[in-house]
Amino acid sequence: MSTDREPADVVAELDDLKVWFPTPGGTVRAVDGISLRLRRGETLGLVGESGSGKSTAGLALLRLVDPTSGRVRVAGEDVTRWSRRRLRALRRRVAMVFQDPQASLDPRRTVGDSIADPLTVHRLADRGSAQRHRVAELLDMVGLRADLAERHPHELSGGQRQRVGIARALAGQPDLIVLDEPIASLDLSVQAQIMNLLRGLQRDLGLTYLFIAHDLAAVEHMSDRIAVMYLGRIVETGSPARIYQQPAHPYTAALLSAVPVADPQVERQRRRIVLRGDIPSPVDPPDGCRFRTRCPQARPDCARTDPVLTAVTADQDAACLFPVTAVAAMHGGDRPEAS
Ligand SMILES: Nc1ncnc2c1ncn2[C@@H]1O[C@H](COP(=O)(O)OP(=O)(O)OP(=O)(O)O)[C@@H](O)[C@H]1O
Ligand SMILES: [Mg+2]
Numbered sequence: 478m479s480t481d482r483e484p485a486d487v488v489a490e491l492d493d494l495k496v497w498f499p500t501p502g503g504t505v506r507a508v509d510g511i512s513l514r515l516r517r518g519e520t521l522g523l524v525g526e527s528g529s530g531k532s533t534a535g536l537a538l539l540r541l542v543d544p545t546s547g548r549v550r551v552a553g554e555d556v557t558r559w560s561r562r563r564l565r566a567l568r569r570r571v572a573m574v575f576q577d578p579q580a581s582l583d584p585r586r587t588v589g590d591s592i593a594d595p596l597t598v599h600r601l602a603d604r605g606s607a608q609r610h611r612v613a614e615l616l617d618m619v620g621l622r623a624d625l626a627e628r629h630p631h632e633l634s635g636g637q638r639q640r641v642g643i644a645r646a647l648a649g650q651p652d653l654i655v656l657d658e659p660i661a662s663l664d665l666s667v668q669a670q671i672m673n674l675l676r677g678l679q680r681d682l683g684l685t686y687l688f689i690a691h692d693l694a695a696v697e698h699m700s701d702r703i704a705v706m707y708l709g710r711i712v713e714t715g716s717p718a719r720i721y722q723q724p725a726h727p728y729t730a731a732l733l734s735a736v737p738v739a740d741p742q743v744e745r746q747r748r749r750i751v752l753r754g755d756i757p758s759p760v761d762p763p764d765g766c767r768f769r770t771r772c773p774q775a776r777p778d779c780a781r782t783d784p785v786l787t788a789v790t791a792d793q794d795a796a797c798l799f800p801v802t803a804v805a806a807m808h809g810g811d812r813p814e815a816s
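And the structure:
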């Protein structure tokens, strides 16, 4: 894959990326060899439990963490080793929206000043009336009145604060926005509004999103493709249609079984797959398949072989020695022996 010529529509790419953090307790393998491609205008939903490495993968796209090995490419350029000075240009093309807008906005500064920061850093509008004008425009794009620019974050509701976070991300006119659980801390009714806003902005501005979430329900209506992470690796990737109807990896199946179904009849009859134990330590992941210690279907082979992502159907890859295949599912879930 690394020798492929980059197709023009690839906005950003992680290639066999590893991000390890040395700590007193050992080396944390937060991201441990993942490859992702983001195509122009699409939303890739990145899903997994807490600690699976989703945020670290997102931060790597802005080079807010240093890769241990592998490559980060943005707009066809290898930014893996870019200097701090060049990274400023990268952080204009790639922006990030965080889960907690309260924490990502400076409480002592006005909303307008926070939104204007990227305008100053990237020299997009002169201080004064040009910036005020642009800030008003950005506030309008996220559905806020221009006079909110004079307020401080604590005077705003959670939803308004997240709109400000989005306005700030839009200020540099990025191609790609990493949305790191952007609605997770908001009330349900507000969540829907923010999702609609994000969808509208994507349509109008041709934005590409990496949409990070804990659970599959959160990304279902937003994603063109989905990647499921477990302990620093991508264990399954594919179209939402495939992932939701016929997950091939037992971990995806378990995540999916936790998603509520609207039909109460179906909901009552559903089987929940409850995973044993906690996610193992990323300092010392299990040998072979990392998921085997919690996998309801683990076999002896799973301790010996570390499975790689392999095509299961035309638009679905899974890293499992014994993936659930469509044929097996039709016959009551029995899976054929691996050949
Ligand atoms: N700067 C760091 N130093 C040491 N360990 C880190 C650092 N950043 C992340 N980690 C560890 O790396 C692993 C992955 O963290 P990360 O935040 O990427 O996971 P996540 O999937 O985003 O989790 P969450 O859903 O809780 O946000 C975790 O074990 C975390 O504790
Ligand atoms: Mg995170």
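The working numbering puts the first residue of the sequence shown at 478, with every later residue one more than the last.
Note that beta-carbon positions come from the ideal geometry of N, C-alpha and C, so glycine has one too.
Using the rule of at least 16 other Cβ atoms within 10 Å of the residue's Cβ for burial, across every protein chain shown, is residue i buried or exposed?
{"i": "residue 839", "result": "Because residue 839 is not part of the residues shown, which for the chain are 478 to 816, the question remains open."}
{"i": "residue 600", "result": "exposed"}
{"i": "residue 520", "result": "buried"}
{"i": "residue 527", "result": "exposed"}
{"i": "residue 713", "result": "buried"}
{"i": "residue 567", "result": "buried"}
{"i": "residue 754", "result": "exposed"}
{"i": "residue 800", "result": "buried"}
{"i": "residue 555", "result": "exposed"}
{"i": "residue 796", "result": "buried"}
{"i": "residue 811", "result": "Bear in mind that the predicted position of residue 811 carries a pLDDT of just 45, short of 50, making it too unreliable to give a figure here."}
{"i": "residue 773", "result": "exposed"}
{"i": "residue 550", "result": "buried"}
{"i": "residue 665", "result": "exposed"}
{"i": "residue 729", "result": "buried"}
{"i": "residue 831", "result": "Residue coverage of the chain in this structure runs from 478 to 816, which leaves residue 831 outside it and unanswerable."}
{"i": "residue 584", "result": "exposed"}
{"i": "residue 747", "result": "exposed"}
{"i": "residue 680", "result": "exposed"}
{"i": "residue 777", "result": "exposed"}
{"i": "residue 500", "result": "exposed"}
{"i": "residue 514", "result": "buried"}
{"i": "residue 722", "result": "exposed"}
{"i": "residue 704", "result": "buried"}
{"i": "residue 610", "result": "exposed"}
{"i": "residue 715", "result": "buried"}
{"i": "residue 726", "result": "buried"}
{"i": "residue 793", "result": "buried"}
{"i": "residue 480", "result": "Low confidence applies to residue 480: its pLDDT is 42, below 50, so where it sits in the model is not reliable, and the reading given next is rough at best. That one is exposed."}
{"i": "residue 826", "result": "This structure does not reach residue 826, given that the chain is present from 478 up to 816, and the question cannot be answered."}
{"i": "residue 650", "result": "exposed"}
Would you identify the three-state DSSP class for residue i, choosing helix, strand or coil?
{"i": "residue 632", "result": "helix"}
{"i": "residue 796", "result": "coil"}
{"i": "residue 548", "result": "strand"}
{"i": "residue 480", "result": "No answer about residue 480 holds up, because its pLDDT of 42 lies below 50 and its placement is not dependable."}
{"i": "residue 818", "result": "The question about residue 818 has no answer, for the chain in this structure spans 478 to 816."}
{"i": "residue 506", "result": "strand"}
{"i": "residue 778", "result": "helix"}
{"i": "residue 642", "result": "helix"}
{"i": "residue 523", "result": "strand"}
{"i": "residue 540", "result": "coil"}
{"i": "residue 647", "result": "helix"}
{"i": "residue 752", "result": "coil"}
{"i": "residue 566", "result": "helix"}
{"i": "residue 514", "result": "strand"}
Can you tell which of the options has the C-alpha that lies nearest to the C-alpha of residue i?
{"i": "residue 571", "options": "547, 539, 593, 611", "result": "539"}
{"i": "residue 708", "options": "536, 604, 530", "result": "530"}
{"i": "residue 552", "options": "635, 725, 560, 489", "result": "489"}
{"i": "residue 731", "options": "710, 693, 702, 715", "result": "693"}
{"i": "residue 577", "options": "727, 747, 762, 663", "result": "663"}
{"i": "residue 784", "options": "637, 775, 791, 790", "result": "775"}
{"i": "residue 626", "options": "494, 752, 582, 710", "result": "582"}
{"i": "residue 668", "options": "696, 646, 622, 649", "result": "696"}
{"i": "residue 674", "options": "645, 655, 640, 683", "result": "640"}
{"i": "residue 682", "options": "750, 789, 541, 646", "result": "646"}
{"i": "residue 780", "options": "790, 798, 637", "result": "798"}
Could you check how far apart the C-beta atoms of residue i and residue j are, in whole angstroms? I think they sit under 8 Å.
{"i": "residue 516", "j": "residue 486", "result": "5 Å"}
{"i": "residue 574", "j": "residue 657", "result": "7 Å"}
{"i": "residue 643", "j": "residue 612", "result": "Contact flag wrong, Cβ pair sits at about 13 Å."}
{"i": "residue 537", "j": "residue 544", "result": "6 Å"}
{"i": "residue 760", "j": "residue 503", "result": "4 Å"}
{"i": "residue 787", "j": "residue 765", "result": "With 8 Å as the limit, residue 787 and residue 765 do not qualify as a contact, their Cβ atoms being about 15 Å apart."}
{"i": "residue 700", "j": "residue 717", "result": "6 Å"}
{"i": "residue 588", "j": "residue 563", "result": "Not confirmed; about 30 Å, so no contact."}
{"i": "residue 616", "j": "residue 648", "result": "No, residue 616 and residue 648 are not in contact; Cβ-Cβ is about 11 Å, not under 8 Å."}
{"i": "residue 710", "j": "residue 767", "result": "6 Å"}
{"i": "residue 790", "j": "residue 719", "result": "6 Å"}
{"i": "residue 636", "j": "residue 689", "result": "Not quite, the Cβ-Cβ distance comes to about 19 Å (not below 8 Å), so this is no contact."}
* Enumerate, from N- to C-terminal direction, the unbroken alpha helix (DSSP H) stretches of 4 or more residues contained entirely within the segment 664-748. => Within the segment 664-748, the complete alpha helix (DSSP H) runs of at least 4 residues are 665-682, 693-696, 717-722, 727-734, 741-746.
* **Those runs of the alpha helix (DSSP H) which lie wholly inside the segment 579-639 and span at least 4 residues** => Taking only runs of at least 4 residues, the alpha helix (DSSP H) segments lying wholly in the segment 579-639 are 588-598, 606-618.
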